[in-house]
Amino acid sequence: MPGVRLAVMGLLVLAACSSAPKAHVRPAPRHTEGWQPAWGEEGAYGFTPENPIHVGGGPSGQHAFLEALRGANGEPLAWRRLGSCCEFETPNSFMGMGLLDLYEVTYEGLEKPVILYLDMYDSGPVAAPAGFLLPEGHETAPPGKPKVIEL
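Residue numbers (this note's numbering): 240 to 390.
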């Protein structure tokens with residue numbers, strides 16, 4: 240009997256997975272350019288789910304990126320994770336599906352916090368979104384445990 244129950248449960252799981260809506264397909268990013276000083280205009284790179292920041296490395300990759308990112312004049316950031324959204328296909332996650340993480344980010348002098356979309360599954364050329372800076376010379380994420388600054 241345990242084998243029959245297991246088989247039925249397996250069929251139910253497969254049926255549930257096959258009826259799930261299809262995920263958005265994005266081209267796979269290529270990590271060849273290292274960290275860049277800045278990209279794009281406000282409202283583009285990092286500010287939309289269609290053009291997220293491909294930090295890779297899981298949550299620690301996201302935190303390392305946010306720890307290195309600075310305000311327009313080099314100010315340290317305060318940030319917090321708001322949640323996940325925007326399912327997409329990726330070969331770099333369990334079962335080939337990923338979600339973007341939304342982070343509310345601010346720094347002293349910024350008029351109002353902004354929301355950045357980060358992809359923890361795929362690595363790609365990483366840059367500072369418009370209005371932010373990355374220290375020069377970073378070709379990899381900074382070492383060590385990131386420090387979360389509460390908003």
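No residue lacks a Cβ here, since even glycine has one placed at the ideal position from N, Cα and C. These numbers were taken from a predicted model, which means no experiment stands behind them.
Let's test the definition: count the other Cβ atoms within 10 Å of the Cβ of residue i and tell me whether it reaches 16, buried, or not, exposed.
i	result
M359	buried
A366	buried
E306	buried
G310	buried
V294	buried
Excluding the 5 residues flanking residue i on each side, which residues of the same chain have their C-beta closer than 7 Å to its C-beta?
i	result
E314	Y346, E347 and G348
P298	M359
P291	G285, L339, Y356, L357 and D358
Compute the beta-carbon to beta-carbon distance between residue i and residue j, rounded to the nearest angstrom, for a pair I have assumed lies under 8 Å.
i	j	result
L308	L357	Going by Cβ atoms, the distance from L308 to L357 rounds to 10 Å, so no, they are not a contact pair.
G285	L355	5 Å
W318	E350	Contact flag wrong, Cβ pair sits at about 16 Å.
Ignore the nearest five residues each way along the sequence and tell me which others in residue i's own chain have a CB closer than 6 Å to its CB.
i	result
T329	G337, Y360 and D361
C325	P288 and L339
F371	L308
S332	Y360
V353	V344
S323	L338 and D340
Is DSSP giving residue i helix, strand or coil here?
i	result
P315	strand
G335	helix
G322	strand
E306	helix
Closer than 8 Å by C-beta to residue i: which residues in its own chain qualify, once you throw out the five before and the five after it? Chain order, please.
i	result
T271	Note that T271 scores a pLDDT of 34, beneath 50, so its modelled location is shaky and nothing firm can be said.
G296	A303, M359, S362 and A380
Do residue i and residue j have their C-beta atoms within less than 8 Å of each other?
i	j	result
L321	P288	no
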